[in-house]
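60 is the number that this note's numbering gives to position 60 of the sequence shown; each next residue is one higher, with no gaps.
Have a look at the structure below, then the notes.
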Amino acid sequence: MNVPRQFLDEQRLRWMLGSSVKQIWIPQTTNELERLVKEREQTAMRLEKAEFELIRMANGARTKALKKADSGEQPESSKNSLETETETEVCSENGRKSVSRSGTAEIVPASDDSQDTTYPSKEMQERALPDVNGSVASQWIPHSSRPHHRPIANYGRRVDTIKWTRNQIRKLNNQIARVRRDQLFKTDGMLPSVFVEFETHTDAQHAYQTLTHHRPLHMAQRFLGVRPFEIIWASLSMSWLETIARRFLIKALITALIIFWAIPSAAVGTISNLEYLSEKVSFLGWLADLPSAVKGILSGVVPALALSLLMSIVPGILRFCARLGGVPTLSMIELYTQHAYFAFQVVQVFLITTLTSAASVAVTKLLEDPTTAKDLLSQNLPKASNFYLSYFLLQSLALGSGALVQFGNLFQLYVFRKYINSPRKMYMRWHRLQRIHWGTVFPVYTNLGVITLSYALIAPIILGFAAVGLIFLHMVYRYNLIYVYDSEVDTRGLVYPRALMQLLLGLYFSEVCMIGLFSLKGAYVPVVLTAILLVLTGLVHSSLLEALGPLLWSLPKSLTVQEDEHLLGTRPTNPRHADDPEHFEGYHSDKEQHEPDLGNSRAMEGASGALNALGGGIKTIFRKKVKKEVPEVYMVLNALTAFWMRWISPNPADKSNFLLRWLHPEVYSDYTILRRMVPSDLPDPVYPEDIECDIYYPPSFFAKPPTLWIPRDPGGISRQEVEHCSKVIPTTDEYVQIDEKGRVMINLEESRLVFDVSRLRY
């Protein structure tokens, strides 16, 4: 990003980045093209809806007319046959179907003797298209009853929706083709961003870790592994100066939100002390007359629930702010949301609630006698942990149970889907799993960890509540990640180490709180010791960030070489001989063969060499003496040494347990160990051939018109509509049909690739 204009040239970029460049994409601004493509999609969806409505009405009128003809009655006018009862049935191969009548639906199991409704019946297949002039639907419904609307561009005059949308799509197709041709020959309007594909991952890492421009902030933002569907194209058009200005403004906006959001959060924290407020506030006196159980719910559960609902609308605001701030990808938006939402959680859920809960009890006594401030605060501050006991129970048990039961999905399955009459929407809801956004999930539970660490010394009982709650949440999310959730936005594991680093904030709060409590009690020696511990915590935190930071964003060169060797099969690496000089030839391999072995030499130079030789000699003499005089002690020392060395420096070839693997991830979770768990026969991600060359251009540059999906009917109306619509837009009536009774049956098990182009997973 922020590529200077003089470098928006493919030849110059290849010269700068080297011969390992495979392909380069330099996107252009496509505002007009995006508008036309969006208008075409909206018009196509309107046409599909109108076609479905036409087939439904004509099929109902036809069925009613045929029934009256069979009974010998004179058929009524097709105009009066519009009011017909319709049913919608969704069938799948697992024996369940959803039936909908006049806006109401129920889930019923398919009977064993029920007819297979996956495909049209034999009678429907043999029935030929009527040989009539004009529209087949006009045999059953008058022209005035066809779907219609009043477009603003037509000055509100009524038009036939199907004919009008077909003409509009034809015009839009021509306009889109013309704009795309003009776009190919344009040399201006280049976005200050480029996409570069390299031959290997190692070459991509070399370019990523190289300083590419001599000016500050020019070509400074670089991202690896960006997938096409997660690109925010509006952010790529910003210059470096606009990006900086937007980032500062968005940070100021989020800071203001955190400050002013404290007002409702403070009100929630005050409600947690309901009994005390009912005594001191006159208009809340009636709360004292409520039953104790009701008061317990109002002071315990209701504030926690209100706080959770209040914070649930924050992630949407933060994601919108991230887009305004110029964040270029969906994965970076999740990381931005995680960082900002964690600040919201800490300030609003923890700090504001803790301070208001403690201060609301002591404020009256402080006004009466300010000299008792330190005693009152030292007594009432630990009592604020009672609120978080309820908050832990609500977040872990209640919300965990809700995540397990999935009330929202149940509502959509049994209630909301009754009002869905579009085969496309039914198919998408059936096949798409619930998407999870880690930028929203992690901050909530990271904040719970911060609260636990902060109150661990003041109220140790919170550790038990936290342990029970987190164990339950672990089981819930483990089940949901396997069977329920689908993570479309891949953050490449960066949310987890960031959450671990954020947990250290709980240690800071705990140490600062202990310093405050010790100061209120006048214990100055513990204050000094805790202050020293606070400084050490800061030093450790800084060291962790400095040591682990580069490893989170860049792939080490040693791992890239091993991965390339693994993929290319040039030289398989055996981890047992990784440190063996006979199996590893490095840069100094020739030199190492000629260097003399100084391990047993007595020609030590300097005081350090003499001390090492003296220490080694003393150890050898002491070991021999102990072995000779007290062999039992020597055997015990050897056994203890072997036992502790197994835990201090384990051998990966030996049998391990859970504790040993947890203590030494550098041994049992090393790259060479984990790489064996990844199957080597996984297929390489391949884009469709027709869009592979343009995959990193704006989607409007290669987007195809959507494929319309209408139900097949026994009267042959859909066959005629498919034939007419296919002249301007792809249309099909496969795998969905409507029978004489008005039931729409969909084969939900069939894959439909035409609906999956907009969501490429790689």
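Each residue gets a CB set at the ideal place from its N, CA and C atoms; glycine is no exception.
Predicted model only: the values in this text are computed from it and were never measured.
Determine whether the beta carbon atoms of residue i and residue j lie at a separation below 8 Å.
i      : j      : result
Leu489 : Glu334 : Residue identity check: residue 489 is Val in the sequence provided, not Leu. Cβ atoms of Val489 and Glu334: closer than 8 Å.
Val444 : Gln345 : yes
Gly325 : Arg247 : yes
Ser773 : Leu33  : For residue 773 there is no data in the structure shown, the boundaries of the chain being 1 and 762.
Ile162 : Arg146 : yes
Pro714 : Asp739 : yes
Ser385 : Ala456 : no
Pro705 : Phe52  : no
Ile729 : Ala306 : no
Leu544 : Val512 : no
Gly464 : Gln395 : no
Thr491 : Ser331 : yes
Leu503 : Leu453 : yes
Asp783 : Val744 : There is simply no residue 783 to check, as the chain begins at 1 and stops at 762 in what is shown.
Pro192 : Met1   : yes
Asn447 : Val314 : no
Pro497 : Ile746 : no
Leu47  : Ile141 : no
Ser235 : Val347 : no
Gln763 : Met238 : Within the shown structure, residues of the chain are numbered from 1 to 762, placing residue 763 beyond reach of any answer.
Leu172 : Leu36  : yes
Tyr696 : Trp25  : yes
Ile271 : Pro291 : no
Give the DSSP bridge partners of residue i, in chain order.
i      : result
Phe198 : Val21
Leu548 : Answer is none; Leu548 lacks a bridge partner.
Gln736 : Checking the sequence, you will find Val at residue 736 rather than Gln. Per DSSP, Ile746.
Leu708 : Thr731
Met190 : Gln28
His149 : Val159
Thr329 : Ile231
What residue range is occupied by the uninterrupted alpha helix (DSSP H) comprising residue i?
i      : result
Arg180 : 161 to 184
Pro650 : No alpha helix (DSSP H) holds Pro650; DSSP gives it neither H nor E.
His724 : 717 to 725
Leu318 : 314 to 324
Would residue i be called buried (16 or more neighbouring beta carbons within 10 Å of its own) or exposed?
i      : result
Trp709 : buried
Pro4   : exposed
Gly549 : exposed
His149 : exposed
Leu249 : exposed
Arg432 : exposed
Arg602 : Summary for Arg602: the model assigns pLDDT 45, below 50, so the residue's position carries little reliability; its value from the coordinates is reported in the next sentence. Result: exposed.
Gln11  : exposed
Gly402 : exposed
Tyr419 : exposed
Gln42  : exposed
Gln737 : buried
Ile648 : exposed
Trp15  : exposed
Trp240 : buried
Asp486 : exposed
Ser144 : exposed
Leu17  : buried
Cys321 : buried
Notebook entry, point to check: Where in the segment 476 to 564 do unbroken runs of the alpha helix (DSSP H), each at least 4 residues long, occur, reported from the N-terminal end onward?
Noted result: 495 to 521, 524 to 553
Counting only runs of 4+ residues fully inside the segment 384 to 457, write out the alpha helix (DSSP H) ranges in chain order.
385 to 393, 399 to 405, 407 to 414, 423 to 431, 438 to 455
Length at least 3, wholly inside the segment 654 to 704: the beta strand (DSSP E) runs in chain order: none
Next on the checklist: Which complete alpha helix (DSSP H) runs does the segment 211 to 285 hold, if anything under 4 residues is left out?
Outcome noted: 233 to 236, 240 to 260, 262 to 271, 274 to 280
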